[in-house]
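Visitor: This is the structure I want to talk about, given as structure tokens.
Number of protein chains: 2
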Amino acid sequence: MTSTLGFAILAVLARGDRTGYDIAAAMRRPIGFFWTAGHSQIHAELQKLRTACLVGYEARHGPGPQDKKVYHLTDEGAAELRGWVTRPPKERPERDELVLKTYAAWLAEAGLVRRMFADQLAAHEARLAEYEREEAAFDGPPPFGDPRFGNYATLRCGLGYERHRAEWCRWMIDQLGDSDSL
Amino acid sequence: MTSTLGFAILAVLARGDRTGYDIAAAMRRPIGFFWTAGHSQIHAELQKLRTACLVGYEARHGPGPQDKKVYHLTDEGAAELRGWVTRPPKERPERDELVLKTYAAWLAEAGLVRRMFADQLAAHEARLAEYEREEAAFDGPPPFGDPRFGNYATLRCGLGYERHRAEWCRWMIDQLGDSDSL
DNA sequence: CTGCACTATGTCTGAAGTGACATAGTTGAT
DNA sequence: ATCAACTATGTCACTTCAGACATAGTGCAG
Chain A
112 MTSTLGFAIL AVLARGDRTG YDIAAAMRRP IGFFWTAGHS QIHAELQKLR TACLVGYEAR
172 HGPGPQDKKV YHLTDEGAAE LRGWVTRPPK ERPERDELVL KTYAAWLAEA GLVRRMFADQ
232 LAAHEARLAE YEREEAAFDG PPPFGDPRFG NYATLRCGLG YERHRAEWCR WMIDQLGDSD
292 SL
Chain B
112 MTSTLGFAIL AVLARGDRTG YDIAAAMRRP IGFFWTAGHS QIHAELQKLR TACLVGYEAR
172 HGPGPQDKKV YHLTDEGAAE LRGWVTRPPK ERPERDELVL KTYAAWLAEA GLVRRMFADQ
232 LAAHEARLAE YEREEAAFDG PPPFGDPRFG NYATLRCGLG YERHRAEWCR WMIDQLGDSD
292 SL
């Protein structure tokens, strides 16, 4: 009954022991590119994982009102995670506000729509440049079995996504007339 | 304070008057490709839109315990919708289970991962074929200002997405070795 | 020595969303 | 005639999630 968020946490823990705080940091980057969660959600989920014996922790002295808890995967947790990885993902409903706006774009002024897409294009190009820098830091794909393979493969996905998205923005801008209204 | 779902409903109503049931059908296809909602959510949201005077309805006799309600946009609703279309979309957190699995894929057997990606690839290719058939039904992009422009532009986005995704799946399968384990 | 950013854990409220339950007339096939 | 599928509206319980609130020690800069 572990939720997808639970598996996201297990996936972080598979790379090394972490506190809840550290996991929350990983949920911003690099996991944040494909799964996000606030720290409130993470602490609650860690308690559930604890109850299910998929993780354990050692309390250590640290700052804050409570001791800090360094979490680790149990053997059971590792087995659950390995099983989950190759189970077909359940498809989630798509929710893309920009595409929804596009569906209704015929109601608006072409100039305003073009500006919105120009902004989106700029954002995609910035992210693309960032991902390309990250890719350059790799020396080709790491071998499967290396945790860095996960990082590289997801980066490849992000790269492809940003390219597709940028191209679509360019197509939209083209459709909206070249140099008139603004 | 209208939610994105509210605007999705207004976008449907901008194309013609509908009952809640009809809106729910549109939320499966074609809107469902980029925004989904169950009928329970839709009926609740229609009541809110009603209270905010963005839609109105006429009750007509129809099947079922209550009269059917044919909803229409008010002038106020149409203005709200037009204003929303060109406001920059607020970015939602990405949540992609397949990419999350990929991040943890180094833990699993390559053969099982390859099979999962082969299944995904098949699904993307099927959707791609469907979208290409739909695109062929258009005689090039309709003019901006025509509601059909919205359908065509979102279809273009879907086409690009499926191609990017299929390509990534093929890359993954390549990485996982060509003809050994199964 | 003051104040800020960071580490660190947790609770609570409310919104958004999913799926089941409830009800009932119309239409078409067998 | 009967049965299933479709039209049609709505409620309820539950889960997920985001953001605010609460608390408090450490380490560094000015």
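First to last, the sequence lines map onto chains A and B.
With positions in the first sequence counted from 1, the corresponding number in this note's numbering is that position plus 111.
With positions in the second sequence counted from 1, the corresponding number in this note's numbering is that position plus 111.
C-beta: ideal position from N, C-alpha, C; glycine also.
#1: Under 7 Å between beta-carbons, which chain A residues line up against residue 112(B)? List them in chain order, please.
#2: Using 8 Å as the cut-off, can you tell me whether the stretch 210-228 of chain A makes contact with the stretch 117-130 of chain B, which would need three or more C-beta pairs spanning the two stretches below that distance?
#3: If you measure from the beta carbon of residue 218(B) to each beta carbon in chain A, is any gap under 8 Å?
#4: Under 9 Å, CB to CB, which of the residues in the stretch 134-158 of chain A have a partner in chain B?
#5: Mind pulling the chain A residues with CB within less than 7 Å of residue 265(B)?
#6: Using the Cα positions of residue 276(B) and residue 278(A), report the straight-line distance between them to the nearest angstrom.
#7: Does any residue of chain B have a CB that is nearer than 8 Å to the CB of residue 249(A)?
#8: Taking any Cβ of chain B, which residues in the stretch 271-286 of chain A have a Cβ under 9 Å from it, in chain order?
#9: What residues of chain B sit near residue 122(A), judged by a beta carbon separation below 9 Å?
#10: Note down, in chain order, each residue of its chain lying with its Cβ closer than 7 Å to the Cβ of residue 288(A), except the 5 sequence neighbours on either side.
#11: In whole angstroms, what separates the C-alpha of residue 155(A) from that of residue 138(A)?
#12: May I ask you to list the residues that DSSP assigns as paired with residue 308(B)?
#13: From the beta carbon of residue 238(A), is the nearest beta carbon of chain B less than 8 Å away?
#14: Report all residues from its chain with a CB closer than 6 Å to the CB of residue 169(A); omit the five preceding and five following residues, and keep chain order.
#15: To be precise: take each residue of the stretch 171-195 of chain B, compare its Cβ to all Cβ atoms of chain A, and keep it if any distance is under 7 Å. Which residues remain?
#16: Rounded to the nearest angstrom, what separates residue 129(B) and residue 205(B) at their Cα positions?
#17: Does the beta-carbon distance from residue 200(A) to residue 209(B) come in below 8 Å?
#18: Quick check on residue 224(B) - is its C-beta less than 8 Å from some C-beta in chain A?
#19: Using the Cα positions of residue 245(B) and residue 267(B), report the straight-line distance between them to the nearest angstrom.
#20: Just the C-alpha distance for residue 259(A) and residue 164(A), rounded to the nearest angstrom, thanks.
#21: State the Cα-Cα distance for the pair residue 195(A) and residue 118(A), rounded to the nearest angstrom.
#22: Here's a check: name, in chain order, each residue in its chain whose Cβ is nearer than 8 Å to the Cβ of residue 228(A), leaving out the five neighbours to either side.
Guide: This is what the structure holds:
#1: Result: empty, since nearest Cβ-Cβ is about 16 Å, beyond 7 Å.
#2: Contact between the stretch 210-228 of chain A and the stretch 117-130 of chain B is present, because at least three Cβ pairs lie under 8 Å.
#3: With respect to chain A, the C-beta atom of residue 218(B) has a partner C-beta closer than 8 Å.
#4: If the cut-off is 9 Å between Cβ atoms, the stretch 134-158 of chain A has 141, 142, 143, 144, 145, 146, 147, 148 near chain B.
#5: By Cβ distance, chain A contributes 210, 213, 214.
#6: Answer to the nearest angstrom: the Cα atoms are 14 Å apart.
#7: At least 8 Å separates the CB of residue 249(A) from every CB of chain B.
#8: Listed in sequence order: 271, 272, 274, 275, 276, 278, 279, 282, 283, 286.
#9: Contacts between residue 122(A) and chain B, judged by CB atoms closer than 9 Å, involve 211, 212, 214, 215, 218 in chain order.
#10: So the qualifying residues of the chain are 221.
#11: Each residue's alpha carbon lies about 15 Å from the other.
#12: This structure does not reach residue 308(B), given that chain B is present from 112 up to 293, and the question cannot be answered.
#13: Not one chain B Cβ lies under 8 Å of residue 238(A).
#14: Correct list, in chain order: 181.
#15: Of all residues in the stretch 171-195 of chain B, those with a C-beta nearer than 7 Å to a C-beta of chain A are 192, 193, reading in chain order.
#16: Approximately 32 Å between the Cα atoms of the pair.
#17: Yes. Within cutoff.
#18: Residue contact check for residue 224(B) against chain A: a CB pair falls below 8 Å.
#19: Answer to the nearest angstrom: the Cα atoms are 10 Å apart.
#20: Between residue 259(A) and residue 164(A), the C-alpha separation is close to 27 Å.
#21: Rounded to whole angstroms, residue 195(A) to residue 118(A) spans 8 Å at the Cα level.
#22: For residue 228(A), where only same-chain residues beyond five positions count, the Cβ hits under 8 Å are 280, 283, 284, 287.
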